[in-house]
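Trainee: Got a structure for you, written out below as structure tokens; questions coming shortly.
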């Protein structure tokens with residue numbers, strides 16, 4: 695099992711060297727995928743058992759204290775925070791609804807940053823970075839990052855398609871060129887200077903149906919922030935069902951380079967978390 699380290703980012707944060715719940719930071723290793731979290735919840739769901747999968751691939755099983763295999767339950771209507779605390783193994787999936795919230799009373803502050811979408815006009819600097827909340831799943835000394843932590847992963851702080859030179863994707867294979875050959879079930883991202891770390895494409899649980907996106911494993915990486923999504927898409931912004939996340943796709947899935955430093959994800963989805971050091 696690899697030791698957890700803190701790595702400096704150009705955005706001023708110190709990020710964990712592996713996903714929350716992972717046991718390694720190595721590329722092309724399923725143990726780097728880690729666990730999956732519905733946005734705002736403290737308790738995790740399991741990830742993929744294999745590096746890649748299909749639409750019929752299911753997440754890793756869970757076990758009770760006697761070592762007996764169990765199953766996750768699924769609730770098909772929004773539930774309260776109290777319900778999820780009492781039922782940590784129940785995935786809340788508002789059935790058939792994209793960009794839905796698992797929480798029956800939406801709360802932008804569950805992960806400690808209720809005003810995290812506000813930023814200076816024309817700038818990548820967000821006014822509110824938040825703080826660790828009681829529902830934050832990261833261990834002591836760490837917290838879920840604000841979206842600003844990922845803002846330098848693209849030159850615009852938003853989505854880049856088709857141009858690796860405008861992303862922080864690192865030259866993994868050392869051939870002097872950043873291109874599709876640097877994808878290896880995820881990307882090594884440049885954090886600052888020559889410091890890089892691997893972000894695996896661990897896929898996610900689909901919040902509309904309560905099932906794992908097995909066919910996206912190895913092809914899609916989604917990393918939660920503690921921030922509400924700063925969007926011009928009115929259906930998402932007005933409903934406040936979307937939260938900001940880092941998102942990237944494999945060249946195979948996207949047809950080209952695709953990295954977004956500020957995408958929108960449904961709160962009912964269960965995605966990866968990459969903790970940052972909690973500043974006093």
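Residue numbers (the working numbering): 695 to 974. Note that CB positions come from ideal geometry on N, CA and C, so glycine has one too.
Between the C-alpha atoms of residue 951 and residue 883, what's the straight-line distance to the nearest angstrom?
Mentor: One-based indexing of the chain shown puts residue 951 at position 257. One-based indexing of the chain shown puts residue 883 at position 189. Taking the straight line from one Cα to the other gives about 13 Å.
Trainee: Taking the alpha carbon of residue 991 as the point to measure from, which residue in 856, 885, 759 and 796 has its own alpha carbon closest?
Mentor: Any answer about residue 991 is impossible in this case: the structure gives the chain only from 695 up to 974.
Trainee: Between the Cα of residue 836 and the Cα atoms of 842, 827 and 844, which residue gives the shortest distance?
Mentor: Counting from one through the chain shown, the residue named residue 836 turns up at place 142. It is 827 whose Cα lies nearest to the Cα of residue 836.
Trainee: How far does the alpha helix (DSSP H) with residue 775 in it reach, from first residue to last?
Mentor: Reading the chain shown from its first residue, position 81 is the one you call residue 775. Looking at the DSSP string, the run of the alpha helix (DSSP H) that includes residue 775 is 775–780.
Trainee: Given a threshold of 16 other Cβ atoms within 10 Å of its Cβ, counted over all protein chains shown, does residue 789 qualify as buried or as exposed?
Mentor: On the chain shown, residue 789 is found 95 positions in, with the first residue counted as 1. Residue 789 should be labelled exposed.
Trainee: Assign residue 973 to buried or exposed, taking buried as 16 or more other Cβ atoms, counted over all protein chains shown, within 10 Å of its Cβ.
Mentor: Position 279 of the chain shown, counting from 1, holds the residue named residue 973. By the neighbour-count rule (16 or more Cβ atoms within 10 Å), residue 973 is not buried but exposed.
Trainee: What residue does the alpha helix (DSSP H) around residue 890 start on, and which one ends it?
Mentor: In the chain shown, residue 890 corresponds to position 196, counting from 1. Per DSSP, residue 890 belongs to no alpha helix (DSSP H); it is in the beta strand (DSSP E), 889–894.
Trainee: Using only the alpha-carbon positions, how far apart do residue 913 and residue 880 sit?
Mentor: The residue given as residue 913 occupies position 219 in the chain shown. The residue given as residue 880 occupies position 186 in the chain shown. Going from the Cα of residue 913 to the Cα of residue 880 covers about 7 Å.
Trainee: Check whether the Cβ atoms of residue 753 and residue 891 sit closer than 8 Å, and answer yes or no.
Mentor: The residue given as residue 753 occupies position 59 in the chain shown. The residue given as residue 891 occupies position 197 in the chain shown. No, they are not a contact pair.
Trainee: Give the secondary structure of residue 859 by DSSP, where H, G and I count as helix, E and B as strand, and everything else as coil.
Mentor: The residue you call residue 859 lines up with position 165 of the chain shown. Looking at residue 859 - three-state DSSP - the assignment turns out to be helix.
Trainee: Should residue 970 and residue 839 be called a contact, given that it needs their Cβ atoms to be closer than 8 Å?
Mentor: Locating residue 970 in the chain shown gives position 276, where the first residue counts as 1. Locating residue 839 in the chain shown gives position 145, where the first residue counts as 1. Against a cut-off of 8 Å, the Cβ pair of residue 839 and residue 970 comes out as a contact.
Trainee: Let me know the secondary structure DSSP gives residue 963 once reduced to three states.
Mentor: Within the chain shown, the letter at position 269 stands for residue 963. Correct three-state label for residue 963: coil.
Trainee: Looking at the structure shown, is residue 801 part of a helix, part of a strand, or coil, going by DSSP?
Mentor: Indexing the chain shown from 1 puts residue 801 at position 107. Coil at residue 801, not helix or strand.
Trainee: In whole angstroms, what separates the C-alpha of residue 794 from that of residue 732?
Mentor: Along the chain shown, one-based indexing puts residue 794 at 100. Along the chain shown, one-based indexing puts residue 732 at 38. Their backbone Cα atoms lie some 11 Å apart in a straight line.
Trainee: Got a sec? Which residues, its chain only, sit under 8 Å from residue 867 by beta carbon, not counting five neighbours each side?
Mentor: To locate residue 867, count along the chain shown from 1; it is residue 173. Counting only Cβ-Cβ distances below 8 Å, and skipping sequence neighbours, we find 875 and 876.
Trainee: Distance, Cα to Cα, residue 850 vs residue 762?
Mentor: For the purposes of this step, residue 850 is taken as residue 156 along the chain shown, with counting starting at 1. For the purposes of this step, residue 762 is taken as residue 68 along the chain shown, with counting starting at 1. So the two alpha carbons sit approximately 49 Å from each other.
Trainee: Relative to the C-alpha of residue 698, which residue among 709, 705 and 750 is closest?
Mentor: Taking the first residue of the chain shown as position 1, residue 698 is located at position 4. Nearest of 709, 705 and 750 to residue 698, Cα basis: 709.
Trainee: Can you tell me where the alpha helix (DSSP H) with residue 946 in it begins and where it stops?
Mentor: If you number the chain shown from 1, residue 946 lands on position 252. Its alpha helix (DSSP H) spans residues 945–948.
Trainee: Can you tell me whether residue 932 is helix, strand or coil according to DSSP?
Mentor: Residue mapping note: residue 932 aligns to position 238 of the chain shown, counting from 1. For residue 932, the predicted structure reports a pLDDT of 43, less than 50, and the residue's modelled location is therefore unreliable. A value from the coordinates is still provided. Three-state result, residue 932: helix.
Trainee: So what's residue 958 in DSSP terms, helix, strand or just coil?
Mentor: On the chain shown, residue 958 is found 264 positions in, with the first residue counted as 1. If DSSP states are grouped into helix, strand and coil, residue 958 belongs with the strands.
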